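Below you'll find the structure, written out as structure tokens, and then a few comments.
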Amino acid sequence: MTTKLDADARAALDEYYTLVTVPVETLPHLEYRARVDAGGDLKPKQPITRVEDFAVPGPDGDIPVRLYAHGDAPAPTLVFYHGGGFVIGSIKSHDATARAIALATGWAVLSVDYRLAPEHRFPAAAEDCYAALVWAASDAAKAKGIDTANLAVGGDSAGGNLAAVASIMARDRGGPVLRHQLLIYPVVDVDFDTPSYLENADGYLLSRDAMKWYWDHYMGPDGDRSHPHATPINAEVHDLPPATVITAGFDPLRDEGEAYAKKLEAAGVDVEMTRYPGAFHGFVGMGDLQSGRDAMAQIARRLTGSVA
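Under numbering that gives the first Met the number 0, think of the first position of the sequence shown as 0, with each following residue one higher.
Structure below.
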């Protein structure tokens, strides 16, 4: 039986394509980046007790972060990496998503404004994300109300890539210890000829051509796309933290995310992999979609269940 887009997802896509008539990969990256940030400013902001912007030390200067907290008491914390193909996105564009996760879970969320390509190519984003995670385990983080013994990483799309890579780095570099990794339709490979890439090449918000454009900006002409910190499908994945992997049926990234989940499971990692068959890329941040609400409930269950 052929799966169809959910009715509310179809309506959301139709509305999107009435507003976005130019393929994103044809825009100058700075213009595209500004448009995405402006869209984030327009999204409704669910109230959170404390929202604080500050900076943490990075490998090449300070990294801006935004902390969403429910009070001053120490709280389990998700270190969150926004999506955007390593080229666009920010703590502004993903403000609504970070708030939704904080409210659904009761956790604090530390959203990371890592460096973007092409100004800062691989591995700048990955190193920034790991540095922010290291800070989240520090005494300075305790002073901000972060429970440094109960940390998780998570992200969507390119942010899912960075969460997977941060988990690998934490294992290989002596910590921090992670309770969980939340991988929302993660980018983990550079194979543009999987069935999901070919079936969903265009018309479902994220296109095959756009992903090629993102990768070209991130890696440049000489970047090693097989490096496990670029494509974690190539990494050794034993002894990684428990994972939740969320995919969408109508998403070019579906197959690589599911392949990574299977690789984790084969290595003995506790994995819950869920495909939302009638959804498209980006649905988790859309609270007006039933699939988005269902995924947020799954995220809350998995994160809260990861701590004693």
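Where a beta carbon is used, it is the ideal one built from N, C-alpha and C, also for glycine. The structure displayed is predicted, hence computed values, not measured ones.
Between the stretch 295–304 and the stretch 101–112, the count of C-beta pairs closer than 8 Å reaches three or more; the two stretches touch. Under the 8 Å Cβ criterion, the stretch 150–157 counts as touching the stretch 180–194, having at least three qualifying pairs.
A Cβ-Cβ distance of about 20 Å is found for the pair Ala-99 and Gly-144, leaving them out of contact under the 8 Å criterion.
Straight across, the Cα-Cα distance linking Phe-279 with Glu-51 is about 32 Å. Excluding residues up to 5 positions away in sequence, Ile-183, Thr-273 and Ala-294 lie with their Cβ nearer than 6 Å to the Cβ of Ile-245 in the same chain. Between Gly-277 and Lys-3, the C-beta gap is smaller than 8 Å, which places the two residues in contact. Under the DSSP assignment, Met-272 falls in the beta strand (DSSP E) whose first and last residues are 270–279. Put simply, the stretch 202–222 touches the stretch 21–40. At least three CB pairs are less than 8 Å apart.
In this structure, the CA atom of Glu-14 is about 16 Å from the CA atom of Lys-42.
If you keep only unbroken alpha helix (DSSP H) runs of at least 4 residues inside the stretch 204–249, you get 207–218.
Using a 10 angstroms sphere on the CB of Arg-49, the tally of other CB atoms stays under 16, which defines it as exposed. Taking the C-beta atoms as reference points, Glu-264 is found no nearer than 8 Å to Asp-188. In the displayed model, Ala-116 falls within coil according to three-state DSSP, outside both helix and strand. Selection Asn-149, Gly-248 and Leu-161 evaluated against Leu-197 yields Gly-248 as nearest (Cα-Cα).
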